Amino acid sequence: MSESPGRQRALPDLAPVFKGGGLVALIAIAVAFPQVYTNPAVTNYGVFALIYVTAASGWNIFSGNTGYISLGQAVFYGSGAYAMGVAARDWNITGTMVFALLPLAMAVGAAIAVPFGLVALRVRRHTFIVITIAFFFIFQLMAFNFSWTGGSSGLSSPFLNWPAASYNTPFYYIAFAFAAGTIAIAWLVRRSRFGLQLRAIRDDEDRARGLGVRAMRVKLSAFVISGTITAGIGAVWFYYINQVEPQTGFDPLFDLTLVLMAFLGGYGSISGAVLGALIIEPLTLWLNAQPEFSSGSLSEILLGGIFLIVVLFMPRGIIPTSGELITRLRTRGRAAIAPATTIGPASGTAPTPSSVVSGGAQ
Amino acid sequence: MAQEILQEIIVGILVGGVYALMAVGLTLIFGVLDIINIAQGVLVILGAYLSYSLSTKAHIDLFVGLLITIPVMFIIGVVIHWAFIRRLRGTERTAMTLLVTYAVALIIEGVLYKIYGADDVSLSASYTGTSVHLFGFYLPWIYIYGFILAVALVALIYALLYRTRFGRSVRATMQDETAARLVGIDVNRVAALTFGIGVAVTAAGGMVFGATNAFNPNSGYDLISRLLAIIILGGLGSIGGALAASVFMITVESVVTIWSPDWAVVVFYVALVVVLLVKPTGFLGRKEVRAQ
Amino acid sequence: MTALLRTDGLVKAYGGVQALNGATIAVEAGTVAGLIGPNGSGKTTLFNVVTGYERPDAGEVWFGDRAITNLAPDKVFAAGIGRTFQLTRIFPRLTVLENMLIAAQGKDRPRNLLSWFGRDAWTHHRRHALELLEFVGIERHAGILAGSLSYGQRKLLELAYVLVADPAVILLDEPAGGVNPTLINHIADRIRQLNAEQGTTFLLVEHNMEFVMGLCSTITVLESGKDVVSGPPDIVRTDKRVLDAYLGADLEEEDPR
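Protein chains in written order, with our numbering: chain A, 1 to 362; chain B, 363 to 654; chain C, 655 to 911.
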């Protein structure tokens with residue numbers, strides 16, 4: 001089969017063995033990371049990176065597949081955090097038992113996702129985006145106003161009596177478990193009938209409906225999955241940094257950062273979201289840690305600049321763009337092959353592509 | 363009590379008029395370019411700061427200063443469009459425009475921090491503190507002036523849209539971009555100019571906003587969220603809808619403030635959700651076209 | 655004998671434009687029927703109404719002895735009526751095969767969580783899909799993103815799509831439009847083959863007179879939203895009203911789609 005460089009292929013041109021081996025290597029590196037780099041300042045980067053890998057992949061499961069851009073994931077992130085905080089406080093749970101509250105946080109996320117989704121998913125595109133923003137503000141404001149959420153001071157997590165040197169490590173592995181789990185779910189969704197329906201909705205929702213896809217049901221399922229995951233990792237984050245306030249749990253920058261991450265890696269692709277998170281999050285952390293940037297204004301300008309560069313120069317994300325670059329470099333020497341738009345005879349012998357030149361129109 | 367409510371309603375209408383000005387710019391940009399300009403909030407603040415500088419450094423009256431700030435903001439708008447928005451195309455255009463306009467907002471905000479610092483400021487003039495006592499209501503003069511300004515500018519925009527050839531091109535592009543191109547309309551030029559106009563009105567909105575609120579570079583977030591809610595409620599692309607929605611939302615919020623200032627803002631967003639449940643296209647919106 | 659598919663006095667207006675004004679057509683089972691008429695006569699609107707993408711202001715649609723007038727598109731599809739679109743509506747970012755699978759999955763419900771996520775239930779769907787792709791002649795492009803197909807190939811994909819559900823009636827909206835002569839013949843052959851071998855009933859909207867006259871056993875002419883003439887090609891071809899409809903239509907109406 002002739003390969004024309006201009007054609008879009010559905011999968012990258014890598015042998016499965018190579019991919020499998022690479023995956024194992026990546027997992028090994030990730031697992032070994034905190035053992036090798038024991039400095040808490042470094043593992044902190046790891047924890048946050050994995051938190052955002054989870055969040056970005058979770059966002060991608062819904063938004064990447066359906067094309068509905070949600071700017072309301074922070075609703076789940078913050079709710080998961082607050083759920084854990086309120087439960088730990090009211091039920092007097094301390095120490096490692098607090099981790100047992102993670103399923104509760106995730107259940108809260110799912111419970112919120114259902115009505116949220118039922119309302120928001122009835123509208124399309126821009127209206128959807130704004131509804132998610134509206135929900136975001138409603139939740140943030142509720143966190144500010146209610147007394148049981150601690151008002152503007154927020155909540156603190158129960159004290160965790162772990163030595164400072166190894167404090168980060170368990171959190172790292174929990175975050176890693178979440179990240180790995182989310183990626184696995186994302187992968188399962190992608191190759192399933194469910195995932196196919198989601199992506200069909202992204203391309204042409206009305207046509208998908210016309211072909212029998214139960215759009216609302218499918219969208220809502222993805223939305224709930226995404227929300228549950230995000231709520232869970234939000235709770236992990238809360239326990240890690242020991243407190244949550246309305247503006248940190250419900251941070252307007254959160255969702256747009258997720259969009260950027262997903263976009264950077266290659267919108268809609270699983271590895272894209274992961275790569276984007278792994279690049280952006282440590283970068284952001286590092287920038288914020290620099291003294292010149294801590295005043296706020298320079299980091300904003302820089303962040304904005306990064307956004308712009310990514311979107312304007314790498315509109316299809318790093319992975320596709322570099323994939324294209326590699327393809328271009330590889331085929332530089334070969335003569336250009338005109339895309340063969342062949343149509344074979346019906347259930348007959350398939351003609352060799354180069355000999356038949358019956359093209360479509362234009 | 364009734365007096366109080368009525369007072370809030372009237373003030374709500376006046377303030378709503380000013381929000382309408384900013385919302386109209388946003389909805390116009392959406393109608394023609396099919397994008398949500400997240401930077402609109404911070405551009406309003408930029409307009410406010412420009413008025414601030416003119417007022418404090420050059421001692422130019424706030425309203426007179428508009429003669430400078432409006433053209434300046436127009437040019438800024440055209441430049442932003444030319445530099446960043448113009449080339450956004452493709453299947454992920456929605457996500458891209460979100461990121462780009464947000465990036466522009468971040469950069470402008472950062473620049474404002476650098477120049478003006480993080481402290482609250484506000485615009486003041488001889489008339490910003492005084493009210494008129496009319497029929498038993500206390501109506502701040504600045505709100506009245508602001509409302510008149512808003513009415514004048516919205517009327518101007520209407521005239522532009524419905525009485526000029528350019529306006530016809532804009533309306534044609536809003537309805538069907540491909541068809542507009544086919545009849546020879548330079549859609550890029552229309553887009554650039556519309557973006558410029560949409561940003562130019564933020565100069566006026568910013569001035570009145572700054573004269574009635576304390577603001578700092580961070581104030582743009584709250585503002586853009588409200589404006590987004592307003593234009594969705596009014597129906598994307600509908601100017602009349604933006605007007606109606608602004609007045610409606612702000613009035614509701616003002617009235618609710620009597621009982622609970624904290625919850626008034628929540629009511630704002632809840633109102634949006636409720637209305638969209640009933641009518642997903644907003645007050646005067648058309649069914650959203652699905653084409654990317 | 656009663657027709658397999660018929661409409662009765664369909665009326666539909668868009669704003670000030672009267673797209674359908676009492677359109678009554680009938681398609682006998684097992685025939686290849688054609689629907690022609692000048693631009694703006696309401697052909698695509700009629701399709702939209704029959705397949706549930708639009709609701710008529712008045713009138714009825716019957717499928718056999720079942721009224722399907724206001725049924726949603728997926729119900730119409732499930733009832734056994736498939737259609738293609740004039741501007742091919744494929745899923746550009748899915749592969750050709752995946753496009754086919756989406757059309758296939760509408761026909762059965764997943765029985766448990768495993769089949770929801772698993773791929774095994776798909777095996778017979780995939781085989782069927784590949785057979786159909788082979789039938790129309792584009793199976794070698796099964797792994798390509800549908801968005802990079804040429805226009806002619808898309809038309810074939812649309813045809814394959816429609817066949818996945820094994821419908822009793824297929825509505826084709828301008829199957830020969832914008833396509834080169836070789837391909838037109840190819841499509842005509844496929845239609846004849848399906849009609850002969852499986853007894854599939856066809857209703858096509860077309861502007862290409864040669865195509866229609868050569869393929870259809872019955873032709874209905876639509877003008878200003880109303881059926882004007884109906885009969886075999888030779889009759890219709892020479893009917894004065896048809897000539898009037900095409901040549902006399904000086905008033906240009908926007909195509910009310």
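All C-beta atoms, glycine included, are put in the ideal place defined by N, C-alpha and C. Just so we're clear, the structure is a prediction, and the values are computed from it rather than from any experiment.
Express the C-alpha separation of residue j and residue i in angstroms, rounding to a whole number.
i: residue 336/A; j: residue 793/C; result: At residue 336/A, the pLDDT of 45 sits below 50, so the modelled position is not reliable; the number obtained from the coordinates is stated separately. One C-alpha to the other measures close to 24 Å.
i: residue 187/A; j: residue 268/A; result: 12 Å
i: residue 72/A; j: residue 748/C; result: 27 Å
i: residue 725/C; j: residue 326/A; result: 50 Å
i: residue 159/A; j: residue 624/B; result: 32 Å
i: residue 540/B; j: residue 393/B; result: 14 Å
i: residue 37/A; j: residue 23/A; result: 21 Å
i: residue 805/C; j: residue 833/C; result: 8 Å
i: residue 287/A; j: residue 299/A; result: 7 Å
i: residue 815/C; j: residue 754/C; result: 6 Å
i: residue 304/A; j: residue 471/B; result: 10 Å
i: residue 229/A; j: residue 157/A; result: 20 Å
i: residue 576/B; j: residue 584/B; result: 13 Å
Of all the options the options, which has the alpha carbon lying nearest to the alpha carbon of residue i?
i: residue 475/B; options: 419/B, 408/B, 522/B; result: 408/B
i: residue 227/A; options: 77/A, 41/A, 52/A; result: 77/A
i: residue 196/A; options: 790/C, 862/C, 752/C, 876/C; result: 752/C
i: residue 363/B; options: 621/B, 632/B, 628/B, 470/B; result: 621/B
i: residue 819/C; options: 672/C, 735/C, 682/C; result: 735/C
i: residue 688/C; options: 891/C, 895/C, 781/C, 898/C; result: 891/C
i: residue 555/B; options: 443/B, 521/B, 525/B; result: 443/B
i: residue 863/C; options: 720/C, 842/C, 674/C; result: 842/C
i: residue 561/B; options: 405/B, 614/B, 509/B; result: 405/B
i: residue 857/C; options: 670/C, 682/C, 665/C; result: 682/C
i: residue 668/C; options: 710/C, 896/C, 826/C; result: 710/C
i: residue 745/C; options: 211/A, 164/A, 251/A; result: 211/A
i: residue 102/A; options: 60/A, 171/A, 311/A, 183/A; result: 171/A
i: residue 571/B; options: 552/B, 532/B, 506/B; result: 506/B
Compare the C-beta of residue i against all C-beta atoms of chain A and say whether one is closer than 8 Å.
i: residue 658/C; result: no
i: residue 746/C; result: yes
i: residue 624/B; result: yes
i: residue 731/C; result: yes
i: residue 727/C; result: yes
i: residue 864/C; result: no
i: residue 456/B; result: yes
i: residue 759/C; result: yes
i: residue 583/B; result: yes
With a threshold of 8 Å between beta carbons, is residue i in contact with chain C?
i: residue 200/A; result: yes
i: residue 273/A; result: no
i: residue 211/A; result: yes
i: residue 90/A; result: no
Indicate whether at least one CB of chain B lies closer than 8 Å to the CB of residue i.
i: residue 99/A; result: no
i: residue 141/A; result: yes
i: residue 119/A; result: yes
i: residue 207/A; result: no
i: residue 134/A; result: yes
i: residue 254/A; result: no
Pop quiz: residue i and residue j are said to be a contact at Cβ under 8 Å. What is the actual Cβ separation, rounded to whole angstroms?
i: residue 105/A; j: residue 249/A; result: Their Cβ separation, rounded to whole angstroms, is 12 Å, which puts residue 105/A and residue 249/A out of contact at 8 Å.
i: residue 119/A; j: residue 639/B; result: 6 Å
i: residue 152/A; j: residue 245/A; result: 7 Å
i: residue 459/B; j: residue 447/B; result: 7 Å
Quick check: is the beta carbon of residue i nearer than 8 Å to any beta carbon in chain D?
i: residue 366/B; result: Note that chain D does not occur in the displayed structure, where the protein chains are A, B and C.
Can we count residue i as close to the ligand HEM, meaning its CB is less than 7 Å from some heavy atom?
i: residue 87/A; result: In the structure shown, the ligand HEM is absent, as is every other ligand, since no ligand is present at all.
With burial defined as no fewer than 16 other Cβ atoms inside 10 Å of the residue's Cβ, what is the status of residue i: buried or exposed?
i: residue 836/C; result: exposed
i: residue 737/C; result: buried
i: residue 54/A; result: buried
i: residue 56/A; result: buried
i: residue 759/C; result: buried
i: residue 70/A; result: buried
i: residue 237/A; result: buried
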